[in-house]
Each structure stands twice: as structure tokens, then as C-alpha cells.
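**Q** Protein chains in written order, with our numbering: chain A, 34 to 184; chain B, 34 to 184. Just so you know, even glycine gets a beta-carbon here, dropped at the ideal spot from N, CA and C. The structure presented is a predicted model; accordingly, all values stated were derived computationally and were not measured.
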DNA sequence: CAGGCTATTGCAACCTGTTGCAGTAGCAAG
DNA sequence: CTTGCTACTGCAACAGGTTGCAATAGCCTG
């Protein structure tokens with residue numbers, strides 16, 4: 034389907050980036066990378082694991098999670114935590130962004146630039162704190178649910 | 034040590050609040066409440082469980098977590114998630130607040146009013162979204178670590 | 001004080017991740 | 001192609017939480 038050589042965008046040269054760092058390119062890592070390349074946006078750890086198992090039923094959890102750690106060091110994915118604290122991975126770090134989660138209806142949205150800037154700016158100006166936006170999940174109640182519940 | 038009747042501040046009338054709602058006051062719940070009354074600030078779920086076990090070695094995890102759910106419905110505690118996604122409970126909801134966590138040095142701070150307002154305000158104005166601040170943990174790098182690492 | 005309704009408990013199994021360790025297998029060098 | 005270093009893998013056990021279910025026990029009523 035998608036041989037390593039023809040992986041899209043940021044994934045094209047992964048194999049070599051691994052090797053240059055003294056890391057090894059294994060079938061298991063290839064599976065994880067292929068799954069990620071076929072994913073856009075977000076995935077939970079569990080979902081990712083399950084997709085890897087679709088390709089290779091032998092896939093072991095610890096291997097997947099450890100591979101994700103390595104990919105994060107290389108800057109190819111970033112992890113955050115959903116509203117329930119579960120891990121969530123962001124693919125294509127191009128647009129770093131956080132999430133907004135409605136505790137009532139369960140919908141999620143990406144945090145848009147103006148609000149993102151408000152957050153990052155507030156902490157930067159006041160504390161010199163550099164916010165890692167991709168790690169942020171803001172929980173609350175969306176306009177629709179607030180209206181329905183008669184906030 | 035601390036008979037139910039003499040529990041401090043918001044805990045004094047818990048027993049009756051339970052009963053009015055058709056909920057039951059059990060020894061297990063009493064243990065959890067007593068532990069919470071002796072706690073200020075934050076606790077992780079695991080820490081809470083362990084303190085309950087100090088009082089009653091028979092304490093079962095699911096009972097503690099379910100009791101916490103009930104107490105949250107009553108507004109006596111609120112839960113959020115630490116930087117690693119683990120549960121964290123805030124006691125005395127008086128001052129609802131989120132947390133700032135430095136991924137480098139592991140320190141945490143409470144989010145202060147100006148930044149809190151910036152966050153809440155940004156989402157409220159733009160989206161009509163009501164942020165649950167107590168559920169927010171903002172991860173990033175504090176000024177000291179950013180300086181040390183040479184930004 | 002006894003009886004009955006049903007909210008809770010305790011248990012056991014499961015879910016998402018993490019960790020230590022011994023054996024396996026990439027990969028670079030010869 | 002063989003060798004050897006050591007980065008990975010797979011496993012098994014653990015940690016923090018959650019869930020379904022049968023049995024227990026609060027609490028209201030008479």
C-alpha cells in the first residue's frame with residue numbers, strides 16, 4: 034500500500050533521521066510510522082495501538098508507546114491529554130494547537146489563534162512562562178449546552 | 034479525633050446534604066470526607082486513597098472514586114488532571130483555580146486571577162464557552178528553566 | 001422496633017499506560 | 001559476509017482508574 038519510500042510530507046525521511054541519531058529502524062517502528070502517516074489530526078494512544086494491530090496483530094503496547102516517545106523527541110508528534118486525562122497525540126506538528134472540550138456534549142474543537150494568543154501571551158507577559166499549547170485541553174461548557182441548561 | 038459533628042467549614046453539614054438528596058451516609062463515605070477535611074489544596078486520587086487506607090485499611094478504590102464523584106456533584110470538590118493526566122482533586126472550591134506546570138523542573142503554581150480572567154474571558158467573548166478553570170493544567174516551561182536552557 | 005426499597009459496597013475483570021529485564025536483532029565496521 | 005556493540009523488543013508485573021453485578025446495609029415508613 035504505502036512503501037516506506039513513498040510516505041507523505043514529514044515522514045519521508047524518518048528512516049534516515051533515525052539512523053543518523055544512532056537509533057534503529059525496525060519493523061515495529063515502521064508500522065507505527067505508517068499508521069501515523071495515514072492519520073491526520075489527533076489520535077488517542079489506545080486508538081493508535083489498535084490501528085497498529087490492524088496492520089500487525091503482534092503489536093505490543095509498550096513498543097508503540099516507546100516509539101511514540103522517540104517520535105516526540107524528533108518533533109514528529111506531540112502528546113497532550115484529553116479531558117479525561119487520556120493521552121492524545123497530535124500528528125503533523127505544523128499547526129501547534131490546544132483543545133476545547135465540552136463536558137456536557139463531549140464535542141471538541143481546536144483552540145483558535147486569538148484565544149491561543151491570549152493564553153500564551155498572558156503567561157508570557159506576567160511570568161515569563163512559555164506555554165506548550167499542544168498540551169492544553171480546556172474543559173467547560175459550550176454555548177449550546179450552556180444555553181440548553183439555562184446556565 | 035474529629036467526630037463528624039465537628040468537621041470544619043464546608044464539611045459540617047455534609048451528612049445532611051447527602052440525606053436530603055436521597056443519598057446515604059456510610060462509614061466509607063465518612064472516611065473519605067474526614068480525609069478531605071484534613072486536606073487543603075490538592076490531592077491526587079492515589080494519594081487520597083492511600084490516606085483513606087491509613088484510617089481504614091479495608092478501603093476499596095472504587096468506593097473512594099465513586100464517593101469523590103458524588104462529592105463533586107455536591108460541589109465540595111472538583112477534579113482536574115495533572116500534567117501527566119493523573120487525577121487531581123481540589124478541596125474547598127472557594128477559590129476555583131487552575132494550575133501551571135513546568136515540564137522541565139516539575140514545579141507547579143496556581144494560575145493567578147489576571148491570567149485566569151484572560152483565559153475565561155477569551156473563550157467567553159469569542160465562543161460563549163464557559164471555561165471550567167479548575168480543570169485546567171497549563172504545561173510549559175517556567176522562566177527559570179527557559180533561562181537556564183537558553184530559550 | 002421491624003420491614004422493605006434501593007443506594008452503596010466489595011469484588012473481579014478490564015482499560016490505558018509504564019517499567020525492569022533478559023534475549024533479539026539492527027547496523028556499522030572489517 | 002561475518003562480527004560485535006547495544007538499541008530494541010517482548011514479556012510480565014505493576015500503577016491509577018473505571019465498570020458491571022450480586023450481596024449488603026442505610027434510611028424512611030408504619
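#1: For residue 105 of chain B, which of helix, strand or coil comes out of DSSP?
#2: Would the beta-carbon of residue 171 of chain A fall within 7 Å of that of residue 133 of chain A?
#3: Smallest Cα separation from residue 79 of chain B: which of B/98, B/53, B/139?
#4: Given residue 156 of chain A, which residues of its chain have a CB within under 7 Å of its CB, disregarding the five upstream and five downstream residues?
#5: Under 8 Å, with one C-beta from each stretch per pair, do the stretch 92-111 of chain B and the stretch 147-156 of chain B reach the 3-pair mark?
#6: Using Cβ-Cβ distances below 7 Å, what residues of the stretch 141-174 of chain B are close to chain A?
#7: Count the other CB atoms, across all protein chains shown, that sit within 10 Å of the CB of residue 74 of chain B; report buried if there are 16 or more and exposed otherwise.
#8: Under three-state DSSP, which class holds residue 74 of chain B?
#9: Taking Cβ-Cβ distances below 7 Å as the criterion, which residues of the stretch 103-124 of chain A are in contact with chain B?
#10: Could you pull the start and end residues of the alpha helix (DSSP H) that residue 48 of chain B belongs to?
#11: Starting from the Cα of residue 153 of chain B, find the closest Cα among B/141, B/138, B/139, B/169 and give me that residue.
#12: So, using beta-carbon positions, are residue 111 of chain A and residue 123 of chain A closer together than 7 Å?
#13: Return the chain-ordered list of same chain residues with a C-beta closer than 6 Å to the C-beta of residue 58 of chain B, the five sequence neighbours on each side being excluded.
#14: Out of A/67, A/87, A/82, A/86, point me to the one whose CA is closest to residue 121 of chain A's CA.
#15: Does DSSP classify residue 145 of chain B as helix, strand or coil?
#16: Is it buried or exposed for residue 95 of chain A, if we count other Cβ within 10 angstroms and need 16 for buried?
#17: Who pairs with residue 119 of chain B in a beta bridge, going by DSSP?
#18: Give me the DSSP bridge partner(s) of residue 62 of chain A.
#19: Can you pull the chain B residues whose beta carbon is under 9 Å from the beta carbon of residue 133 of chain A, in chain order?
#20: Can you check which of these residues, B/70, B/174, B/88, is closest to residue 137 of chain B by C-alpha distance?
#21: According to DSSP, simplified to helix, strand and coil, what is residue 170 of chain A?
#22: So, is the C-beta of residue 179 of chain B closer than 7 Å to a C-beta in chain A?
#23: Once DSSP output is grouped into helix, strand and coil, what is the label at residue 69 of chain A?
#24: What first and last residue would you give for the beta strand (DSSP E) that runs through residue 161 of chain A?
#25: Could you please give the first and the last residue of the uninterrupted alpha helix (DSSP H) stretch that includes residue 178 of chain B?
#26: Which bits of chain A does residue 136 of chain B rub up against, with CB to CB less than 9 Å?
**A** Inspection of the coordinates gives the following:
#1: helix
#2: yes
#3: B/98
#4: 162, 164
#5: no
#6: 147, 148, 151, 152, 155, 156, 159, 160, 161, 162, 163, 164, 165, 168, 169, 171, 172, 173, 174
#7: exposed
#8: coil
#9: 114, 118, 119, 120
#10: 47-53
#11: B/169
#12: yes
#13: 48, 51
#14: A/82
#15: coil
#16: exposed
#17: In the DSSP output, where bridge partners are listed per residue, residue 119 of chain B has none listed.
#18: None; residue 62 of chain A has no bridge partner.
#19: 156, 160, 162, 164
#20: B/174
#21: strand
#22: yes
#23: helix
#24: From DSSP, residue 161 of chain A is part of no beta strand (DSSP E); its letter is neither H nor E.
#25: 176-181
#26: 165, 168
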